[in-house]
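Numbering (our numbering), first residue to last: 1 to 601.
Spelled out as structure tokens, the structure:
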């Protein structure tokens with residue numbers, strides 16, 4: 001289910017967009033991509049040559065978080081949180097058995113640690129609970145087995161190179177997984193809560209990618225003595241459909257953002273229960289990659305998430321939010337497509353459809369379709385999200401916590417197949433930006449005279465526009481809007497084996513294999529070397545220390561400079577980490593100017 005590929009070949013939103021008939025849709029708004037942030041895979045635009053195949057700190061802060069976001073009362077607990085009812089359990093806690101506020105769970109013990117898999121954090125969102133905020137899960141009496149991952153949330157199993165996809169997963173999918181120490185006495189451990197990516201249409205906490213269980217928290221938890229939590233949340237229309245008919249039956253009076261509400265419900269579960277697993281609810285770090293980083297940004301700027309976490313870390317993501325009116329227009333287009341657009345009772349019409357029918361209009365992240373009306377993502381609804389995240393950050397209207405943001409050096413490398421880009425197509429894409437930007441882009445990314453040179457230029461341009469420069473904008477905004485520290489990273493480590501896929505560099509999502517310690521034998525190739533293992537140790541250490549203290553430094557690691565907008569300091573993460581200043585500064589200045597021009601600033 002992993003979406004290696006069209007993650008965004010890219011954000012040159014002025015680039016060539018693909019049409020379903022294999023033709024060219026023309027140029028897109030020149031600054032739509034560069035507007036606020038790294039716009040993540042959800043804002044993927046197709047490969048430049050896609051004519052037949054479209055391409056991709058403390059604890060005290062928690063007390064003041066509610067005041068850090070303006071209109072923090074816009075969403076009350078009654079509107080967004082399960083109405084928890086006290087449960088009692090006759091089960092006696094024992095090795096590998098933990099009592100939660102819903103009942104006991106029995107995990108899988110391995111040495112001095114245990115994994116608790118498939119733990120429900122909300123009621124199954126089925127029947128009348130479909131297209132509704134998450135509800136409280138019922139109590140249970142006996143120890144519930146927590147020994148296997150739950151099914152992923154219902155989705156299409158997209159595979160690169162195919163326009164078709166099978167429907168997999170289940171609607172009953174609101175479960176999380178915890179990796180924790182057996183001994184819960186002593187000092188509570190930091191807690192790392194991870195949100196997976198997948199363009200808000202695919203992905204899962206149980207995901208297997210390149211023959212690796214990618215988000216297995218056992219290695220990270222054991223090495224760093226932390227508690228790791230992963231979770232599933234509703235995707236596609238189940239997670240993000242906005243429409244007036246749904247708003248009319250929703251206690252909030254709005255619709256959409258169900259996936260974000262799921263994530264908040266999981267974070268509330270963590271606040272209520274993680275101490276029983278040896279975790280510290282006052283030291284919770286929320287982090288995500290790609291669409292998961294998009295959602296981390298949404299949580300950072302949502303008044304409803306105040307106090308649910310004390311640190312935030314974004315890996316290769318940005319802003320994929322849209323105004324309510326836009327999302328409702330998309331929702332109407334979706335209802336028209338599935339045959340419910342003209343129904344007297346649209347909700348009843350949707351309820352009568354099969355899961356296959358409901359998912360039929362969902363477009364693969366590999367197609368670049370998420371720039372179209374088929375895209376799914378967060379809604380600026382006036383309740384969960386009050387304004388564009390970058391504006392909220394810069395103005396200080398967000399949850400003030402220590403913050404890390406970063407990107408990889410070659411994000412779109414796996415989105416651009418060899419031979420798919422020509423020098424002429426790159427020049428055409430850049431021409432759509434208009435002067436003076438066209439000349440500046442050609443100077444920054446000369447397309448050369450061969451397809452290989454053009455491909456390299458396009459990868460660099462789309463990586464910068466969508467990810468690297470977006471990370472700088474978000475770091476600058478956060479630095480301007482809060483006193484809490486900000487850090488920026490730039491991941492440059494290439495994979496241990498390029499296999500048959502050709503040179504890839506530090507592609508989108510590669511850093512995940514290092515954070516979770518799943519770097520051996522990528523692509524079925526050579527084993528990781530000492531340099532790769534050094535990166536694993538470094539990233540795990542930085543991430544865990546940031547969760548523990550709100551500062552990634554310490555442990556004898558290379559010093560990571562705190563961010564300041566003027567110098568633009570960062571840490572390059574590679575086999576030998578090194579601090580620097582100014583990542584691709586000239587390029588980012590141009591992309592910022594394109595964004596400002598598009599926004600009329």
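C-beta atoms are modelled at their ideal positions from N, C-alpha and C, and glycine is treated no differently.
Keep in mind it's a predicted model, so treat the numbers as computed, not measured.
Contact set for residue 146: own chain, Cβ-Cβ below 7 Å, skip 5 residues either direction = Position 146 of the chain shown, counted from the start, is the residue given in the question as residue 146. For residue 146, where only same-chain residues beyond five positions count, the Cβ hits under 7 Å are 105, 106, 107, 116, 117, 118 and 119.
ask   = How is residue 436 classed by DSSP in three states: helix, strand or coil?
value = In the chain shown, residue 436 corresponds to position 436, counting from 1. Residue state, collapsed to three classes: coil.
key: Integer-rounded CB distance, given that residue 457 should sit under 8 Å from residue 470   = The residue labelled residue 470 in the question sits at position 470 within the chain shown. The residue labelled residue 457 in the question sits at position 457 within the chain shown. Between residue 457 and residue 470 the Cβ distance is about 19 Å, and since that is not below 8 Å, they are no contact.
ask   = Which first and last residues belong to the alpha helix (DSSP H) in which residue 426 is found?
value = What you label residue 426 is simply residue 426 of the chain shown in a count that begins at 1. Per DSSP, residue 426 belongs to the alpha helix (DSSP H) from 423 to 431.
ask   = Candidates 490, 478, 552 and 480: which alpha carbon is nearest residue 581's?
value = Against the chain shown, residue 581 aligns to sequence position 581. Cα-wise, what sits closest to residue 581 is 490.
ask   = If you count every other CB in all the chains shown that lies within 10 Å of the CB of residue 496, and 16 or more means buried, which is it?
value = The sequence position of residue 496 within the chain shown is 496, counting from 1. The residue is buried, with at least 16 neighbouring Cβ atoms inside 10 Å.
inquiry  = Considering only heavy atoms of the ligand GTP, does any lie closer than 6 Å to the CB of residue 128?
reply    = Questions concerning the ligand GTP fall outside what the structure shown contains, since it holds no ligand whatsoever.
query = To the nearest angstrom, how far is it from the Cα of residue 375 to the Cα of residue 95?
reply = Here residue 375 corresponds to residue number 375 of the chain shown, with the count starting at 1. Here residue 95 corresponds to residue number 95 of the chain shown, with the count starting at 1. In a straight line, the C-alpha of residue 375 is about 45 Å away from that of residue 95.
task = Could you please give me the residues that DSSP links to residue 116 through a beta bridge?
result = On the chain shown, residue 116 is found 116 positions in, with the first residue counted as 1. According to DSSP, residue 116 bridges with 178.
ask   = Does the beta-carbon of residue 281 have 16 or more other beta-carbons within 10 angstroms, so that it is buried, or is it exposed?
value = Counting from one through the chain shown, the residue named residue 281 turns up at place 281. Looking at its Cβ environment, which holds 16 or more other Cβ atoms inside 10 Å, residue 281 is buried.
query = By a C-beta neighbour count over all protein chains shown, 10 Å radius and 16 as the cutoff for buried, is residue 408 buried or exposed?
reply = Translated into the one-based positions of the chain shown, residue 408 becomes position 408. Result: buried.
query = Touching or not, the stretch 203 to 220 and the stretch 312 to 323, by the rule of three or more beta carbon pairs under 8 Å?
reply = no
message = What residue range does the alpha helix (DSSP H) around residue 271 cover?
response = Sequence index remark: in the chain shown, residue 271 carries index 271 (1-based). Residue 271 -> alpha helix (DSSP H) spans 258 to 273.
ask   = How far does the beta strand (DSSP E) with residue 487 in it reach, from first residue to last?
value = Residue numbering aside, residue 487 sits at position 487 when the chain shown is read from its first letter. Counting along the chain, the beta strand (DSSP E) containing residue 487 begins and ends at 486 to 491.
message = By DSSP's criteria, residue 588 is part of a beta bridge. Which residues make up the other side?
response = Here residue 588 refers to the residue found at position 588 of the chain shown. In the DSSP output, where bridge partners are listed per residue, residue 588 has none listed.
Status (buried if at least 16 other CB within 10 Å, exposed otherwise) for residue 90 = Stepping through the chain shown from its first residue, residue 90 is reached at position 90. The residue is exposed, with fewer than 16 neighbouring Cβ atoms inside 10 Å.
query = In whole angstroms, what is the alpha-carbon distance linking residue 326 and residue 452?
reply = Position 326 of the chain shown holds residue 326. Position 452 of the chain shown holds residue 452. So the two alpha carbons sit approximately 39 Å from each other.
message = Does residue 188 come out as helix, strand or coil in the three-state DSSP assignment?
response = By 1-based counting over the chain shown, the position of residue 188 is 188. Three-state result, residue 188: coil.
task = Can you say whether residue 211 is buried or exposed, counting buried as having 16 or more other CB atoms within 10 angstroms of its CB?
result = To locate residue 211, count along the chain shown from 1; it is residue 211. By the 10 Å Cβ count, residue 211 comes out exposed.
ask   = Between residue 485 and the rest of its own chain, which residues show a CB-CB distance below 6 Å, the 5 nearest in sequence each way excluded?
value = Working through the chain shown from its first residue, we reach residue 485 at position 485. For residue 485, where only same-chain residues beyond five positions count, the Cβ hits under 6 Å are 402 and 562.
request  = Return the Cβ separation of residue 276 and residue 99 in integer angstroms, given the expectation that the two are a contact with Cβ distance under 8 Å.
outcome  = Mapped onto the chain shown, residue 276 falls at position 276. Mapped onto the chain shown, residue 99 falls at position 99. Residue 276 to residue 99, Cβ: 6 Å. Contact.
task = Have a look at residue 184 and residue 226 and give me their C-alpha separation to the nearest angstrom.
result = To locate residue 184, count along the chain shown from 1; it is residue 184. To locate residue 226, count along the chain shown from 1; it is residue 226. Taking the straight line joining both Cα atoms gives about 11 Å.
request  = Starting from the C-beta of residue 413, find all residues in its chain whose C-beta is less than 7 Å away, skip the five residues before and the five after it, and write them out in chain order.
outcome  = By one-based count along the chain shown, residue 413 stands at place 413. The residues are 459, 504, 505 and 507.
query = Buried or exposed: where does residue 555 fall if 16 or more other Cβ atoms within 10 Å of its Cβ makes it buried?
reply = Within the chain shown, numbered from 1, the residue matching residue 555 stands at position 555. Residue 555 is exposed by the Cβ-count criterion.
ask   = So, is residue 290 buried or exposed, given that buried needs 16 or more other C-beta atoms within 10 angstroms?
value = Position 290 of the chain shown, counted from the first residue, corresponds to residue 290. Its Cβ being crowded by 16 or more others within 10 Å, residue 290 is buried.
task = Could you have a look at residue 606 and say whether DSSP puts it in helix, strand or coil?
result = Within the shown structure, residues of the chain are numbered from 1 to 601, placing residue 606 beyond reach of any answer.
task = Return the residue from the list 415, 420, 560 and 379 that minimises the CA-CA distance to residue 463.
result = One-based indexing of the chain shown puts residue 463 at position 463. Closest by alpha carbon: 415.
query = Opposite residue 460 in the DSSP bridges: which residues?
reply = In the chain shown, the residue the question calls residue 460 occupies position 460. Per DSSP, none; premise fails for residue 460.
query = What is the C-beta distance between residue 377 and residue 322, in whole angstroms, given that I count them as a contact (C-beta under 8 Å)?
reply = To locate residue 377, count along the chain shown from 1; it is residue 377. To locate residue 322, count along the chain shown from 1; it is residue 322. With a Cβ gap of about 7 Å, residue 377 and residue 322 count as contacting.
ask   = Can you name the start and end residues of the beta strand (DSSP E) that residue 276 belongs to?
value = In the chain shown, counting from the first residue as 1, residue 276 sits at position 276. First-last for residue 276: undefined, no H or E at that position.
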